[in-house]
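The UniProt record's numbering puts the first residue of the sequence shown at 1, with every later residue one more than the last.
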Amino acid sequence: MFNWQQLRSIKIVIYKMKTNKYNKKRETYNYTKQCKTIKMNIEKAEVNSKLLELSRQNIDNKAKKDLELKQKQEELLEQKRIILKSLLTPDAHARLSRIAIVKEENARRIEDIIIRNSQMGLLHKKVDEDQLIKLIEQVSGRMNKKEPVVEIRRRKQFDDDDDFNEEDYM
């Protein structure tokens, strides 16, 4: 038989062995868990780098498209200026440019009308200042007709003087 001290030392040894096994299991579990998290972090980093690269490419493509679109718009505006210069007399062109400074929308409409008329073959000579003034009146007449008229009617408010009856005070 064992005495109590021997039993205690045996229990301690057994406890140490168990805890040692437990610690080893826990260490291996922690190690595998750390490996998994590291692998996941690496995968996330790879995915993020791919997304970043794709977004950069997308931004580059968008910037290129915006630049091309801007260049096309500038070319169209330049062509429009050249066409208008060939269709208008210098006085009419100067008047139209002054209108563009004040009311750009009206000037664009007038320009569109002049270009459309020339494409339809309605213009046989350059548009002079008198013809331009007629176009301006037409466009401004259309603009004035489109604006709705708002009429505000106010009700007559109650006034204390209106309610004064001498009979009430006698």
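Don't be surprised by glycine CBs; every beta carbon is placed ideally from N, CA and C.
{"Query": "Reduced DSSP category for Val-127 - H, G, I as helix; E, B as strand; rest coil", "Result": "strand"}
{"Query": "C-beta contact flag for Gln-117 and Ser-140 at 8 Å", "Result": "Per the sequence shown, residue 117 should be read as Asn rather than Gln. No, they are not a contact pair."}
{"Query": "Residue(s) in a DSSP beta bridge with Leu-88", "Result": "Val-127"}
{"Query": "Collapsed DSSP secondary structure at Lys-39 in the structure displayed", "Result": "helix"}
{"Query": "Counted within 10 angstroms of its Cβ, other Cβ atoms place Ile-42 as buried (16 or more) or exposed", "Result": "exposed"}
{"Query": "Alpha-carbon to alpha-carbon, Lys-103 and Ile-114", "Result": "17 Å"}
{"Query": "Distance cut-off 7 Å: Ile-115 Cβ against heavy atoms of the ligand COA", "Result": "Absence of the ligand COA is noted for the structure shown, with no ligands found whatsoever."}
{"Query": "Leu-88 beta carbon less than 8 Å from that of Leu-77", "Result": "no"}
{"Query": "Distance between beta carbons of Ala-100 and Glu-129, contact taken as under 8 Å", "Result": "So it is not a contact: roughly 15 Å between Cβ atoms."}
{"Query": "Those runs of the alpha helix (DSSP H) which lie wholly inside the segment 48-101 and span at least 4 residues", "Result": "none"}
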